[in-house]
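Report on the following structure.
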Amino acid sequence: MNNKKTASTNRLASLKTLIVGLITIVSLLASAGVIFKIDWLHLISDADTAVIKQEATKVDSKDVVITAIEQETAKLLTKPRTVVLTSEKALATKAAIKRGDYAEAKKISTEILASSKLQHWRFYPFTVFMDNISSGRDDVLLENLNKWLTQDKDSALAYQMRAKYYDDVGWEMRGNAYASKVQNNHLNSFQDYVKLATEDALKAVQLNADNPYGYYLLLKIISAHGDSNIMESTFQAAIKKFPTYYPLYRSRLNTLSPKWGGSIEAMYAFTDRYIDKVADNSPLKLLYVQLYANLLNTTQGLCYSIEGEDKKKCVTRVMDKIVTPTLANQVYIALDLYNKTDPHQFNLALKPILIDMLKIPSGKQYSGNILQLAADRMGSQNQLVDNNVGHNNYMLDEITGNTWYESGYFDNAEKKYGEALLDIEHAPFPNEEEKAVAVAGIYEDFSQLYNKMPQFVNVIVYQNAAIAMGGKDPLSLKCHAYYKLKLYTEAVQECSNHLDSYADIESRFWRGLSYEELGQMDAALQDLSVIADSEDGRRISSAIEMTVIYSHRNELENMMIVFNKYPYLFDEEDQSKYNQDNLAVSFNNRCFAYMGLGQLQKALDDCTTSLKYGSLPDAYQKQQELIKKLTPAK
Numbered sequence: 007m008n009n010k011k012t013a014s015t016n017r018l019a020s021l022k023t024l025i026v027g028l029i030t031i032v033s034l035l036a037s038a039g040v041i042f043k044i045d046w047l048h049l050i051s052d053a054d055t056a057v058i059k060q061e062a063t064k065v066d067s068k069d070v071v072i073t074a075i076e077q078e079t080a081k082l083l084t085k086p087r088t089v090v091l092t093s094e095k096a097l098a099t100k101a102a103i104k105r106g107d108y109a110e111a112k113k114i115s116t117e118i119l120a121s122s123k124l125q126h127w128r129f130y131p132f133t134v135f136m137d138n139i140s141s142g143r144d145d146v147l148l149e150n151l152n153k154w155l156t157q158d159k160d161s162a163l164a165y166q167m168r169a170k171y172y173d174d175v176g177w178e179m180r181g182n183a184y185a186s187k188v189q190n191n192h193l194n195s196f197q198d199y200v201k202l203a204t205e206d207a208l209k210a211v212q213l214n215a216d217n218p219y220g221y222y223l224l225l226k227i228i229s230a231h232g233d234s235n236i237m238e239s240t241f242q243a244a245i246k247k248f249p250t251y252y253p254l255y256r257s258r259l260n261t262l263s264p265k266w267g268g269s270i271e272a273m274y275a276f277t278d279r280y281i282d283k284v285a286d287n288s289p290l291k292l293l294y295v296q297l298y299a300n301l302l303n304t305t306q307g308l309c310y311s312i313e314g315e316d317k318k319k320c321v322t323r324v325m326d327k328i329v330t331p332t333l334a335n336q337v338y339i340a341l342d343l344y345n346k347t348d349p350h351q352f353n354l355a356l357k358p359i360l361i362d363m364l365k366i367p368s369g370k371q372y373s374g375n376i377l378q379l380a381a382d383r384m385g386s387q388n389q390l391v392d393n394n395v396g397h398n399n400y401m402l403d404e405i406t407g408n409t410w411y412e413s414g415y416f417d418n419a420e421k422k423y424g425e426a427l428l429d430i431e432h433a434p435f436p437n438e439e440e441k442a443v444a445v446a447g448i449y450e451d452f453s454q455l456y457n458k459m460p461q462f463v464n465v466i467v468y469q470n471a472a473i474a475m476g477g478k479d480p481l482s483l484k485c486h487a488y489y490k491l492k493l494y495t496e497a498v499q500e501c502s503n504h505l506d507s508y509a510d511i512e513s514r515f516w517r518g519l520s521y522e523e524l525g526q527m528d529a530a531l532q533d534l535s536v537i538a539d540s541e542d543g544r545r546i547s548s549a550i551e552m553t554v555i556y557s558h559r560n561e562l563e564n565m566m567i568v569f570n571k572y573p574y575l576f577d578e579e580d581q582s583k584y585n586q587d588n589l590a591v592s593f594n595n596r597c598f599a600y601m602g603l604g605q606l607q608k609a610l611d612d613c614t615t616s617l618k619y620g621s622l623p624d625a626y627q628k629q630q631e632l633i634k635k636l637t638p639a640k
C-alpha cells in the first residue's frame, strides 16, 4: 500500500473513532483494495458533528467522564426510593431459578400472586412480575425451569414461566417483519416454540383456573395464529371465567385486524357485541380507543406500497372511509373514563395505545387528534408554551414529548419531558413503587433523547437514574453510550451486565463492536454471528462487519463463507427499497474477496453491481483494474 493510501487510511480511521455509527464510515483495510464499513444508525448534520467534536475536547480522560457521570446521576436521585419493586422481585426469582433454588422462586412468585388483584385494566402486580421473568433466549433459565417441573409437576407457576419463555424466544427468533420476509428456518422454529408455549400455558390454566393472567397468556400465545377458531373458543372460555378482564378483550380485538385474518367489519361487530351496552364507567369502553388505533394501523397495510405525500393522502382517504361518526363519538366518551375510574390506572391503559399510534408516521394527524381529545377530557394542556406547568397530566406530557421526539424536534421533547417530571409530583399514585416506576419511565425518555442528540454522558446519567428508580434496565443505551465515548472496556462490561438479565440483540451488537475495537476478534465474531443469524435489523451490519474482520486477517475463504451463509446481503429486490448503501457495500466487499481469490469475472460483476447502488470510489477503482486484467492484450 503506498504512502498516499496509508495517509488516507489514517484520516479515515481518526474519523471513525470520533463519530463511528453516526456517519458513513470508510476504512482502507487491505493492500488489494478497500473494504467499506456501513453506517448502522443515522446520518447527522454538520451542526451535530460540531457538537460531537466540542464534546470530545471537553473529555480529557476516562476518569473525568466517569466522575462526571457519578456526579450528575446523584443530582437526579435526591429522593431515592425506599421499597423493593415488583420488577426486582421478578429478577430475584429468575436468579433463584437459574441457580436451582426452586423453593425460593416458588416462595416469591406465590407471594406476588396472592397479593395481586383484578383492577380496572390489569391484574396487578402479577402481570408486571411475569413481564420481567424472561426476555428472550437464556439456556440456563430454560434448563432449570425444566428441572423445576421435573421435581414439581403440578406447579402452575413454573408452567406459566416456561410458557412465557417459549413465547418470548419464539418471537425473538421470528422478528416482527412480514412472514414473507422471514427466513423459513426461523418461521419453522417460531411455530415450534408457539406449540411448546401453548401446551405449557394450557397446562397452567388446568392446574390453576383462578389466575386471570393464565388465560391472558394463553390468548397472547395463540394470537400468533391470528383470527382462528381456537382463538375464539379460548376467548369465550376466558371471559366466562373473568368477564370484566380488559386484556382478554383487547387480545381478541387485535386478532380481528385484517393483517391477522380478520376484517374491519369484524372489529366493529366485536365492539358492538361486547362493549356497546356496558355501563358508562366500564373499563371495557376503552376498547373504542383501541379500535380506532387498530383502524389507523390497518391503513399501514392498505397504503403500504405508496410513498411520500401520496401515502398521507392514502391514509386520510382510508380513515375517512372506515372511521364512522359513531366511533368518533364513542372514542370521545371513552376518554372520559379518566374522570370516572382510577386516573392512574387509566393513564397506564391509555399510554400504550397512544404510543402505538405515534409509530405510524403517515397518521400523525389522527394520533394528534386523539392526543388533543385526551387532553380535553383529562383537563390537561399539550401546548409547547404551557400555562399550567405542574398541574397537567404527566403521561400526556410524556406522549407529547414523544411526538416532538419522533418529529426530530429534540429541544421541544426535552422541554415536555421536564414538564412531565414536574407534573408527576402532583399526580395521584397508589404507592411509592408506582410513582418510582413513572419517574423511571421519564428518565428513560431522556436517555433515548440524549442518545439522538447525541450527548452520551447524559445517556448514561439518565439511564443510571432510570435503573435506580425503576429497578430494571430494559434498554441497552448505556452499553451503546460507552462505545460512543470510546470506553470500550466499560462498554463490554456494561453490555455483558445487561445480557446477564436480558437477551438483548442490541447489547450483543455493541459488545461485538467493542470487542473488535479492543482487538478481541474471536469474541467479536461470536457476538456478531448471533445477530447475523437473527431477524434483527442489525443483521446486515453484523454480517458485513464479520467480513471486515476476516479481511483484516486476510481470511478470504471465511469472507466467502459469510457471503454464502447470508444471502440477504444481496437481496436486491428487498434492500433496494430501504438502504442501497448496504447493497453497494455487500457487493463491493465480495468483489474484494473474489479478486483476492483470483475469480476475476465474478469480482468484476460484483463491483459493477456495487456501483449501480452506490458510488464507492474503491468499487470503481477495482472495476477499472479488473477490466484491464480481463481484456486481452492487442
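Just add 6 to the spot in the sequence shown (first one is 1) and you have my numbering.
Ideal Cβ positions, reconstructed from N, Cα and C, are used throughout, including at glycine.
Note that the structure is a prediction, hence the values are computed from the model and not measured.
For L124, DSSP records a beta bridge to F129. Residue burial is scored here from C-beta neighbours: D624 has at least 16 other C-beta atoms within 10 angstroms and is therefore classed as buried. In terms of Cβ geometry, L575 and S592 form a close pair [threshold 7 Å]. Inter-segment contact for the segment 202 to 220 and the segment 150 to 168 is present: three or more beta-carbon pairs are separated by less than 8 Å.
The residue among Y219, G385, D510 with its C-alpha nearest the C-alpha of M401 is G385. In this structure the segment 460 to 472 lies against the segment 437 to 452, because at least three pairs of beta carbons, one per stretch, are closer than 8 Å. Sorting K628, N399, V295 by C-alpha distance to the C-alpha of N375 places V295 at the top.
Within the segment 202 to 272, the runs of alpha helix (DSSP H) that reach at least 4 residues and sit entirely inside it are, in chain order, 218 to 228, 235 to 247, 252 to 261.
For D326, the enclosing alpha helix (DSSP H) begins and ends at 314 to 328. Counting C-beta atoms within 10 angstroms of its own C-beta, Q77 has fewer than 16 neighbours from the protein chains shown and is therefore classed as exposed.
Distance check between Q242 and each of S257, L589, I312 places S257 closest, using alpha-carbon atoms only.
With a cutoff of 7 Å on beta-carbon distance, G106 and N152 are scored as not near each other.
For Q607, the enclosing alpha helix (DSSP H) begins and ends at 606 to 619. Between V321 and G369, the C-beta spacing is below 7 Å.
Between A497 and Y489, the C-beta spacing is below 7 Å.
Counting along the chain, the unbroken alpha helix (DSSP H) around L360 starts and ends at 349 to 364. Taking every protein chain shown into account, the CB of S373 has 16 or more other CB atoms within 10 angstroms, so this residue is buried.
With a contact defined as Cβ atoms closer than 8 Å, A111 and A102 qualify at about 4 Å. As summarised for the segment 119 to 188, the continuous alpha helix (DSSP H) elements at least 4 residues long and confined to that stretch are 132 to 137, 145 to 157, 162 to 180, given in chain order. Between S482 and D510, the CB-CB gap stays under 7 Å. In chain order, E438, A442, M475 place their CB closer than 7 Å to the CB of R87, counting only its own chain and leaving out the 5 sequence neighbours on each side.
Per DSSP, the unbroken alpha helix (DSSP H) holding T553 starts and ends at 545 to 558. Contact check for L622 against N585 fails: the beta carbons are separated by 7 Å or more. H432 sits exposed, since fewer than 16 C-beta atoms from the chains shown fall within 10 Å of its C-beta. Relative to the Cα of M459, the nearest Cα in the group K492, D417, L636, C485 belongs to D417. Fewer than three beta-carbon pairs drawn from the segment 516 to 528 and the segment 561 to 575 are found closer than 8 Å, and the two stretches are therefore not classed as touching. If you ignore the 5 residues before and after G267, its C-beta comes within less than 8 Å of the C-beta of G232, D233, S234, T261, all in its own chain and listed in chain order. Sequence-distant partners of T406 (beyond 5 residues in either direction) whose C-beta falls short of 8 Å from its own C-beta, in its chain, are L377, N388, K422.
At a Cβ-Cβ threshold of 7 Å, E541 and H192 count as neighbours. Annotation: the continuous alpha helix (DSSP H) that includes A380 extends over 370 to 384.
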